[in-house]
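Engineer: Please see the structure below; I have some questions.
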Amino acid sequence: MTLPQLDAHTATIEAPGPVVWEAVCRYATSLARADLGLLGRALGTVPSSGFAPDGKVEVTEVALAGRHRFARYRLVFTVTAGDRPGATTVTIASYAGFAGLRGRVYRALLIGTGGHLLAVRRMLESIRRDSGARRR
């Protein structure tokens with residue numbers, strides 16, 4: 129099933145590509161191993177963590193996918209050279225399909241409240257911190 133793209137968010141991180149790549153891989157692994165507890169059970173996430181590796185990990189890209197009662201979703205993390213020496217760009221692209229009335233309501237809550245945007249920004253900030261980079 130091909131999912132429509134919701135959005136993509138990019139951050140430039142002041143750290144070398146290999147360092148940032150390792151931070152992205154650690155972050156993706158942590159998502160795949162997370163315990164969502166009651167929220168995961170309420171949503172019916174599959175896998176229970178909400179995410180699992182989705183396809184082959186490329187040298188510059190890692191993808192995670194999952195589903196729950198209201199949606200199927202995919203996150204793609206891409207690491208590329210930054211626009212200046214010593215800088216690296218990380219892009220997180222989000223894809224999701226929302227089925228039926230409940231899915232549309234869930235999408236409105238997720239996107240309309242800014243919750244998704246906040247979550248993706250936190251992901252990028254976590255990767256930046258884990259890369260040892262300072263905020264610009």
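For the sequence shown, the numbering used here assigns the number 129 to the initial residue and increments by one for each residue that follows.
Beta carbons are placed, not taken as given, at the ideal position from N, Cα and C, and that holds for glycine.
#1: In chain order, what residues of the same chain lie with their CB nearer than 8 Å to the CB of Gly260, ignoring the 5 residues before and after it?
#2: Less than 8 Å between C-beta atoms, sequence neighbours within five positions excluded: which residues of the same chain meet that for Ala162?
#3: Just how far apart, CA to CA, sit Val281 and Leu229?
#4: Can the beta-carbon of Phe205 be found less than 8 Å from the beta-carbon of Val248?
#5: Check whether the stretch 219-226 and the stretch 195-202 touch, using three or more Cβ-Cβ pairs below 8 Å as the test.
#6: Which residues in the same chain as Gly172 place their Cβ atom closer than 8 Å to its Cβ, once the five residues preceding and following it in sequence are excluded?
#7: Looking only at its own chain, which residues have a Cβ that is under 6 Å from the Cβ of Ala236, when we skip the five neighbours before and after it?
#8: In whole angstroms, give me the CA-to-CA distance for Thr130 and Gly194.
#9: What are the boundary residues of the alpha helix (DSSP H) that includes Ser158?
#10: Would you report the Cα separation of Arg295 and Val233, rounded to the nearest angstrom?
#11: Would you decide whether Leu192 is buried or exposed? Buried here means 16 or more other CB atoms lie within 10 Å of its CB.
#12: If you follow the beta strand (DSSP E) that Asp135 is part of, which residue opens it and which one closes it?
#13: Gly166 to His244, Cα distance in whole Å?
Structural biologist: Put simply:
#1: Ala143, Val147
#2: Ser177, Gly178, Phe179
#3: The structure shown has nothing for residue 281, since the chain only spans 129 to 264.
#4: no
#5: Touching, yes, given that three or more Cβ pairs across the two stretches are closer than 8 Å.
#6: His196, Arg197
#7: None.
#8: 13 Å
#9: 145-161
#10: Nothing about residue 295 can be reported from this structure: the residues present for the chain run from 129 to 264 only.
#11: The residue is buried, with at least 16 neighbouring Cβ atoms inside 10 Å.
#12: 133-141
#13: Note on residue identity: the sequence assigns Leu, not Gly, to residue 166. Near 19 Å, if we compare the C-alpha coordinates of His244 and Leu166.
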